[in-house]
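So the structure is just underneath, and the comments pick up after that.
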């Protein structure tokens, strides 16, 4: 373990700082305090191919952002809008050509407007990087005798769920998390939905059976390295329950038969061919893939889950789903694949011939993204970090996300504040931002 004193407190309400309205996020005074966080655990690790999600230079930046990866679909547009906001609100000499033009000189990289370091990778990996203090990048080759590492003191972290925020709070990296946008999963198809995903009388029931149909080729996310797999798995499980509670006897019989066919990995399936993992692909023994303790569904009944899909012989398991799934659908190699609505919208905006079927909200619950200042925030970055978060939650910032397929907050979403009781247990209090 490596202990580091915070150079600044993380989040406290400060009068006179109009960063966010009402009970909003703010930073404490610039004075150091006695609180500290401890760097623990192994470094996060990503393959070299993910370097495209690293932007800028942490050594020279004035703002370090750890962004949940699926925001990449709008982030160049968002950062351009933020640069224009900086220029319009009194920041001098902002290079409005920096975003997308990739300065290639040392001097160019120092310009305001290029002075950021941004990671757009799965938030679970960023959480691990924040807690350990390091990210290993591209060290798969045995010739690499000393790991290449990225070590960044992040100022701001955004997450697709509050569980990651709570985990960081328990280690004193985060004191408050505030919601700013919503996103949702969808099932990407070709533009004509030629496989008829979800086109039955009840679309959600039909889509459930379609995903298990041996003739439907699913592009399924990596269940080890792509954090979105958890949300997809939860959606699949709710789709199964919805079908059993709302479908006909024939629907339920078809579901049982389809699950029985993929109860263990089929030859040639991703589950059959993947090595180096300890995943339990047997639906009868994996707790995620059968019922226990349900009020009306018998214990042991098989349940659709991500591993049922990975057990299908014609499933493709991605490594970078937002690249592979649309590419495979456009090439005719896959029929359907779960993606974020914002990723589908990006493909449509780019003119790709894709469409989608979106299961109902009861099974496909919207995800609320939240933002937090980090205990690792540099004192010299505070002013710009506050300005950035303020813009993120402003109407102009939200509109960039909405144009990219996300949804604005409904006004019912709550933030979370974190503290500790006398016994050192994490205390979570919700509040209206």
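In our numbering, the protein residues as written are 301 to 733.
Built from N, CA and C at the ideal position, the CB exists for glycine as well.
Please read all numbers here as calculations on a predicted model, not as lab measurements.
Residue pairing by DSSP leaves residue 467 without any beta bridge partner. By the CB criterion at 8 Å, residue 668 and residue 514 fall outside the cutoff. Assignment of residue 487 by DSSP, reduced to helix, strand and coil, places it in the strand class.
Residue 535 is not bridged by DSSP to any residue. Taking residue 580 as the centre and dropping the five residues before and after it, the same chain places the C-beta of 586 closer than 6 Å to its C-beta, in chain order. As for any beta strand (DSSP E) of minimum length 3 sitting wholly inside the stretch 611–664, the runs are 637–640 and 654–657, ordered along the chain. Residue pairing for residue 597: DSSP places it in no beta bridge. The C-alpha of residue 364 is placed about 18 Å away from the C-alpha of residue 377. Inclusion of residue 389 and residue 518 in the CB contact set at 8 Å is not warranted, their separation being larger than that value. Taking the Cα positions, residue 714 is about 43 Å away from residue 573. Runs of the beta strand (DSSP E) spanning 3 or more residues and lying entirely within the stretch 662–726 occur at 667–673 and 715–720, in chain order. In the DSSP assignment, no residue is bridged to residue 373.
Here the alpha carbon of residue 347 sits roughly 23 Å from the alpha carbon of residue 374.
Three or more Cβ pairs closer than 8 Å define a contact, and the stretch 690–698 falls short of that threshold against the stretch 621–631. Its chain contains 353 and 369 as the residues whose beta carbon lies nearer than 6 Å to that of residue 421, once the 5 sequence neighbours on both sides are disregarded; these appear in chain order. Secondary structure note for residue 345: its beta strand (DSSP E) is the uninterrupted segment 344–346. Residue 660 holds the alpha-carbon nearest to the alpha-carbon of residue 543 among 357, 660, 705 and 393. Rounded to whole angstroms, the separation of the alpha carbons of residue 650 and residue 640 is 16 Å. Within 10 angstroms of the beta-carbon of residue 497 lie 16 or more other beta-carbons, which makes it buried. Between residue 471 and residue 338 the beta-carbon gap is near 7 Å, inside 8 Å, which marks them as a contact.
Scanning the stretch 408–489 from its first residue to its last, the whole alpha helix (DSSP H) runs of 4-plus residues come out as 423–432 and 462–470. Taking a 10 Å sphere around the C-beta of residue 699, we find fewer than 16 other C-beta atoms and assign the residue as exposed. From the listed residues 679, 411, 499 and 405, the smallest Cα separation to residue 391 is found for 411. When secondary structure is reduced to three states using DSSP, residue 547 falls in the coil class, being assigned neither helix nor strand. Less than 8 Å divides the Cβ of residue 527 from the Cβ of residue 423. Inclusion of residue 428 and residue 344 in the CB contact set at 8 Å is warranted, their separation being smaller than that value. According to the DSSP assignment, residue 356 belongs to the beta strand (DSSP E) that extends over 354–356.
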